[in-house]
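Visitor: I have a structure here, written as structure tokens, and I will follow up with some questions on it.
Protein chains in written order, with my numbering: chain Y, 5 to 235; chain L, 148 to 434.
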């Protein structure tokens with residue numbers, strides 16, 4: 005099967021976004037990367053609900069819709085993969101949210117996958133970043149994420165489900181682009197070290213491209229809000 | 148949701164009594180509905196319906212299965228609703244299960260028939276492929292993305308729109324299968340049959356607040372309700388299902404009155420829905 009397209013670097017130009025989708029949430033966003041479509045909603049900062057639970061000021065839950073994968077899933081919540089991804093997203097976002105400015109409060113991030121076609125983790129982190137921006141929560145920097153892999157002797161950016169299942173390596177990277185600090189790095193399968201460096205570099209470039217796009221859309225959104233306010 | 152103060156409660160109840168609700172609508176005026184179809188590309192059919200701040204997505208997936216022994220000439224339909232935690236923080240983890248179960252059961256009552264399969268709003272006899280052996284199973288999944296009251300009506304509308312958008316692949320059955328053998332089937336990737344939704348009913352929920360009933364309540368108005376009746380009515384004006392929710396008892400004459408009000412309102416609703424669905428499908432074809 006032909007995994008490598010003739011263009012080499014396949015950054016899909018189409019990354020639409022909707023901001024402020026969930027009216028009741030403090031911030032929300034829909035993020036699409038190719039066929040992967042994810043909705044994130046942020047509630048907070050608000051009073052800590054359950055004091056008996058551990059004092060995490062940022063909580064995150066990742067759920068997949070029944071219809072998100074090709075075959076219908078029976079159990080969309082609570083399985084181990086969802087728990088692991090919730091944890092990963094929480095740790096990534098916690099690194100960039102300035103929680104010291106909001107003591108004794110909690111911020112809830114809920115991510116719902118509507119369509120899964122590879123790279124759901126990355127799409128979720130990107131959606132969460134935009135939702136947090138929409139909620140006006142102070143952050144050190146945007147966090148963007150992108151996956152990269154290595155198939156047919158070529159580093160590939162943003163693998164979809166078919167490419168991911170092909171058996172090559174899969175590197176997921178989350179970075180704060182302006183500060184140039186990596187907050188998430190995960191890899192499956194094995195890679196020789198110098199190839200890994202290439203793939204990681206490709207993922208970083210992908211993240212920075214996503215960050216530029218997100219920044220444009222947020223700026224556009226703010227201008228719209230300002231216009232509607234009539235100033 | 149933040150609690151309402153006594154002043155706010157009086158305001159809502161008083162407004163409804165005077166036929167002017169908090170957002171300016173009359174008692175029997177629903178919010179404008181926005182329908183988008185084909186939002187989930189991996190499903191056979193899907194739709195997203197917005198009524199004010201309420202946002203729901205419905206998807207229809209068709210899989211080949213075996214018909215039940217009691218109804219060998221009918222396909223099967225399964226309806227399931229899930230409340231996403233994005234709609235409200237309390238739906239996190241298992242918090243949304245009760246509401247999801249209630250909505251799923253109410254939808255099944257309104258759209259599917261009784262135990263024998265008779266009187267179903269959704270035509271299942273068109274789903275059979277080989278009588279007694281192969282039929283289509285439709286899995287209808289609803290997802291509540293954002294909740295501002297009137298979830299049942301929104302889900303009903305989304306399911307109707309998703310079914311209009313559904314394409315069942317054409318199946319070619321290999322001839323020559325006999326007896327108990329499973330016939331060979333060839334599922335076409337190219338040709339699709341549109342599902343017939345002219346008989347699918349729309350659901351109207353009437354919420355009783357004080358002495359009056361309102362259509363399409365927001366979540367604030369729902370918090371003041373004494374009881375609610377959800378009625379599903381189809382194009383012919385026949386009642387396909389009825390559910391009463393809420394604590395207070397209702398006089399039987401009031402229920403009959405509510406049913407006749409629902410029939411009038413549902414006519415309008417079905418017309419609006421159909422035109423919105425047609426517009427959505429046309430828009431989707433162009434893009």
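Each residue gets a CB set at the ideal place from its N, CA and C atoms; glycine is no exception.
The structure displayed is predicted, hence computed values, not measured ones.
Relative to the C-alpha of residue 168 of chain Y, which candidate in Y/178, Y/110, Y/124, Y/129 has its C-alpha closest?
Guide: The shortest Cα separation from residue 168 of chain Y among Y/178, Y/110, Y/124, Y/129 belongs to Y/124.
Visitor: Which one of L/428, L/379, L/391 has the shortest CA to CA distance from residue 412 of chain L?
Guide: Nearest option by C-alpha distance: L/379.
Visitor: Is the Cβ of residue 115 of chain Y closer than 9 Å to any Cβ of chain L?
Guide: Yes, its Cβ sits closer than 9 Å to a Cβ of chain L.
Visitor: Are residue 377 of chain L and residue 253 of chain L touching if we call contact CB-CB under 9 Å?
Guide: Yes.
Visitor: Going by beta carbon distance, what residues of the same chain come within less than 7 Å of residue 108 of chain Y, once the five residues before and after it are set aside?
Guide: Within the same chain, residue 108 of chain Y has close Cβ partners 52.
Visitor: When the Cα of residue 251 of chain L is compared with those of L/219, L/287, L/185, L/199, which residue comes out closest?
Guide: Selected option, being the one with the closest Cα: L/287.
Visitor: Report yes or no: is there a C-beta of chain L within less than 9 Å of the C-beta of residue 132 of chain Y?
Guide: Cβ-Cβ to chain L under 9 Å: no for residue 132 of chain Y.
Visitor: Taking the Cβ atom as the reference point for each residue, do residue 218 of chain Y and residue 146 of chain Y lie within a distance shorter than 9 Å?
Guide: Cβ distance < 9 Å, so residue 218 of chain Y and residue 146 of chain Y count as in contact.
Visitor: Give the straight-line distance between the Cα atoms of residue 182 of chain Y and residue 118 of chain Y, rounded to the nearest whole angstrom.
Guide: Answer to the nearest angstrom: the Cα atoms are 30 Å apart.
Visitor: Measuring CB atoms only, is the stretch 398–410 of chain L touching the stretch 154–169 of chain L, in the sense that at least three cross pairs come out at less than 8 Å?
Guide: With a cut-off of 8 Å, the stretch 154–169 of chain L and the stretch 398–410 of chain L do not count as touching, because too few Cβ pairs lie within range.
Visitor: Within 9 Å of any Cβ in chain L, is that where the Cβ of residue 93 of chain Y sits?
Guide: For residue 93 of chain Y, the answer is no, since every Cβ of chain L falls outside 9 Å of its Cβ.
Visitor: The beta strand (DSSP E) spanning residue 174 of chain Y covers which residue range?
Guide: Looking at the DSSP string, the run of the beta strand (DSSP E) that includes residue 174 of chain Y is 173–180.
Visitor: Classify residue 157 of chain Y: buried if its beta carbon has 16 or more other beta carbons within 10 angstroms, exposed otherwise.
Guide: With fewer than 16 Cβ atoms within 10 Å of its Cβ, residue 157 of chain Y is classed as exposed.
Visitor: Based on the DSSP output, what are the partners of residue 34 of chain Y in its beta bridges?
Guide: Residue 34 of chain Y is bridged to Y/22, Y/43.
Visitor: With burial defined as no fewer than 16 other Cβ atoms inside 10 Å of the residue's Cβ, what is the status of residue 197 of chain Y: buried or exposed?
Guide: Residue 197 of chain Y comes out exposed.
Visitor: Go ahead and pull the three-state DSSP assignment for residue 372 of chain L.
Guide: Coil.
Visitor: For residue 173 of chain L, which residues from the same chain have a beta carbon less than 6 Å from its beta carbon, with the 5 sequence-adjacent residues on both sides left out?
Guide: Within the same chain, residue 173 of chain L has close Cβ partners 166.
Visitor: Beta-carbon separation of residue 320 of chain L and residue 281 of chain L under 9 Å?
Guide: In this structure, residue 281 of chain L lies closer than 9 Å to residue 320 of chain L by Cβ.
Visitor: Looking at the secondary structure, which residues open and close the beta strand (DSSP E) in which residue 359 of chain L lies?
Guide: Segment 359–362, the beta strand (DSSP E) holding residue 359 of chain L.
Visitor: Mind reading off the beta-carbon distance from residue 29 of chain Y to residue 47 of chain Y? Whole number of angstroms is fine, and I expect it under 8 Å.
Guide: Confirmed, Cβ separation roughly 6 Å.
Visitor: So, residue 430 of chain L versus residue 258 of chain L, is the Cβ gap smaller than 9 Å?
Guide: No, the pair does not count as a contact, with Cβ atoms beyond the cut-off.
Visitor: Out of curiosity, what's the CA-to-CA distance linking residue 227 of chain L and residue 184 of chain Y?
Guide: If you take the alpha carbons of residue 227 of chain L and residue 184 of chain Y, they lie about 45 Å apart.
Visitor: Could you work out which residues of chain C lie near residue 252 of chain L, taking near to mean beta carbons separated by less than 7 Å?
Guide: In the structure shown, chain C cannot be found, because the protein chains are Y and L.
Visitor: Cα separation between residue 157 of chain L and residue 291 of chain L?
Guide: Approximately 29 Å between the Cα atoms of the pair.
Visitor: Residue 29 of chain Y CB to nearest chain L CB: under 9 Å?
Guide: Yes, because at least one Cβ of chain L sits closer than 9 Å to the Cβ of residue 29 of chain Y.
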